[in-house]
Amino acid sequence: MPPAKKRPRGYDPVRTRAAVLAQFGNVREAVGGLSERQLALPAGLGGWSVRELVAHIAMGVDSVSRYIEQPAPPGAGSGPAGPVVALTEWPFATARHVGAISEDVAALAASAEPAELFERVAERCAALWPGASGERVLAVRVGAMRLADYVVTRAVELVVHTDDLNRAAGLSIPYDRQALAACTRVLADALAVKAPGASTEVRVAPYAVVQCVAGPRHTRGTPPNVVETDPLTWTRLATGRTTWTEEIAAARVTASGERADLGGLLPLMR
Numbered sequence: 112m113p114p115a116k117k118r119p120r121g122y123d124p125v126r127t128r129a130a131v132l133a134q135f136g137n138v139r140e141a142v143g144g145l146s147e148r149q150l151a152l153p154a155g156l157g158g159w160s161v162r163e164l165v166a167h168i169a170m171g172v173d174s175v176s177r178y179i180e181q182p183a184p185p186g187a188g189s190g191p192a193g194p195v196v197a198l199t200e201w202p203f204a205t206a207r208h209v210g211a212i213s214e215d216v217a218a219l220a221a222s223a224e225p226a227e228l229f230e231r232v233a234e235r236c237a238a239l240w241p242g243a244s245g246e247r248v249l250a251v252r253v254g255a256m257r258l259a260d261y262v263v264t265r266a267v268e269l270v271v272h273t274d275d276l277n278r279a280a281g282l283s284i285p286y287d288r289q290a291l292a293a294c295t296r297v298l299a300d301a302l303a304v305k306a307p308g309a310s311t312e313v314r315v316a317p318y319a320v321v322q323c324v325a326g327p328r329h330t331r332g333t334p335p336n337v338v339e340t341d342p343l344t345w346t347r348l349a350t351g352r353t354t355w356t357e358e359i360a361a362a363r364v365t366a367s368g369e370r371a372d373l374g375g376l377l378p379l380m381r
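Structure below.
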């Protein structure tokens with residue numbers, strides 16, 4: 112039998128659910144005040160408008176409720192093998208579903224006004240989330256995942272798309288601290304999975320520090336290869352919203368050492 116996969120550390124299920132709902136509430140409050148002009152603006156994501164981006168945010172959170180309502184995938188359980196898709200694997204499993212997601216978003220955006228969509232999602236969250244066990248296995252778009260892990264992915268999506276919405280519509284929607292921390296850590300852990308090793312230390316203060324990239328391993332003191340940046344810059348780099356070259360030039364990323372150039376490893380997800 113293969114060894115049990117370790118659950119990612121630092122994702123308390125109760126706090127994560129609260130963070131997702133808090134960030135959803137932040138976005139909901141802002142969406143209610145968007146004008147038709149703002150909703151028609153380009154979102155900067157393919158051909159989406161801000162209206163479609165807003166629908167995507169609502170759909171992403173409502174997916175938790177939708178999957179809770181559905182039967183568990185065949186053979187699913189809470190055995191030692193864990194979920195089919197681990198949280199550290201999720202960032203790499205999303206790209207192949209972009210086309211289907213875009214079709215669903217277009218239909219949803221045309222079905223109701225943003226305020227109505229968000230009200231509907233909030234009502235379903237309140238009705239379905241409290242009684243659902245975090246150990247329950249869900250049949251999600253990318254495979255099978257534990258509910259507790261899937262909710263963490265919703266924190267990532269909310270933070271990423273809150274940033275998209277802020278930049279596209281000229282807003283200043285705040286970030287729930289726990290949601291931003293979860294997003295930062297998931298994407299930092301994904302880098303360590305993509306480039307395993309211990310020659311380079313990536314610091315995204317105050318939420319994440321990971322070692323990655325094959326090469327000589329340091330054992331004490333300051334590592335020879337160090338990358339430092341802030342959570343939002345890291346999120347944009349990891350999701351392809353900006354480039355390594357741009358952020359180095361703008362001094363939002365500092366990198367020292369011959370193995371500190373992460374440009375070839377980014378983005379991690381789209």
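Quick note: the sequence shown uses the working numbering, first residue 112, plus one each step.
Glycine included, every Cβ here is placed at the ideal spot set by N, Cα and C.
Just so it is clear, the structure is predicted and the values come from calculations on it, not from any experiment.
Annotated three-state conformation of threonine 273 is helix, per DSSP. Spatial neighbours of aspartate 260 in its own chain (CB-CB distance under 6 Å, excluding positions within 5 residues in sequence) are listed in chain order as Leu198.
By the neighbour-count criterion, in which 16 or more other beta carbons inside 10 Å mark a residue as buried, proline 185 falls on the exposed side. Just measuring C-alpha positions, the residue of Asp123, Gly245, Ser213 and Pro202 sitting nearest arginine 162 is Ser213. Two segments are said to touch when three or more pairs of C-beta atoms, one from each, lie closer than 8 Å; by this definition the region 298 to 317 touches the region 336 to 351. Every beta strand (DSSP E) stretch that sits fully inside the region 210 to 293 and reaches 3 residues is listed by chain position as 248 to 251 and 254 to 257. Nearest in C-alpha terms to tyrosine 178, of all of Leu156, Thr356, Cys236 and Gly374, is Cys236. In this structure, the straight-line span from the alpha carbon of alanine 325 to that of leucine 377 is close to 16 Å. Under the 8 Å Cβ criterion, the region 278 to 296 counts as touching the region 122 to 136, having at least three qualifying pairs.
Note: glutamate 312 is bridge-paired with Gln322 and Val337 in the DSSP secondary-structure output.
As a beta-bridge residue in DSSP terms, alanine 366 pairs with Val338. A distance of 8 Å or more separates the beta carbons of glycine 374 and tryptophan 345. Within the same chain, and ignoring the five residues on either side of glycine 155 in sequence, the residues whose Cβ sits closer than 6 Å to its Cβ are Ala279. In the DSSP annotation of this structure, the continuous segment of the alpha helix (DSSP H) that includes methionine 170 starts and ends at 161 to 180. Judged by beta-carbon spacing, leucine 258 lies within the 8 Å limit of glycine 245, meaning their Cβ atoms are closer than that value. Just measuring C-alpha positions, the residue of Glu357, Ala349 and Pro334 sitting nearest arginine 370 is Pro334. Looking only at Thr353, Ser367 and Gly368, the smallest Cα-Cα distance to alanine 361 is reached by Thr353.
Here the alpha carbons of alanine 309 and leucine 152 stand approximately 43 Å from one another. Here valine 209 is exposed: its Cβ has fewer than 16 other Cβ atoms, across all protein chains shown, within 10 Å.
In the structure shown, the three-state DSSP call for proline 153 is strand. When C-alpha distances from leucine 302 are compared across Val232, Ala319 and Cys323, the shortest belongs to Cys323.
Proline 124 carries a helical assignment under DSSP once its states are collapsed to helix, strand and coil. Taking proline 202 as the centre and dropping the five residues before and after it, the same chain places the C-beta of Ala301, Leu379 and Met380 closer than 6 Å to its C-beta, in chain order.
An exposed status is given to proline 241, since fewer than 16 other beta-carbon atoms sit within 10 Å of its beta-carbon.
Its chain contains Val248 as the residues whose beta carbon lies nearer than 6 Å to that of alanine 183, once the 5 sequence neighbours on both sides are disregarded; these appear in chain order. A distance below 6 Å between beta-carbons, with the five flanking residues on each side excluded, links histidine 167 to the following residues of its chain, in chain order: Val216.
In its own chain, leaving out the 5 sequence neighbours on each side, no residue places its CB closer than 8 Å to the CB of valine 125.
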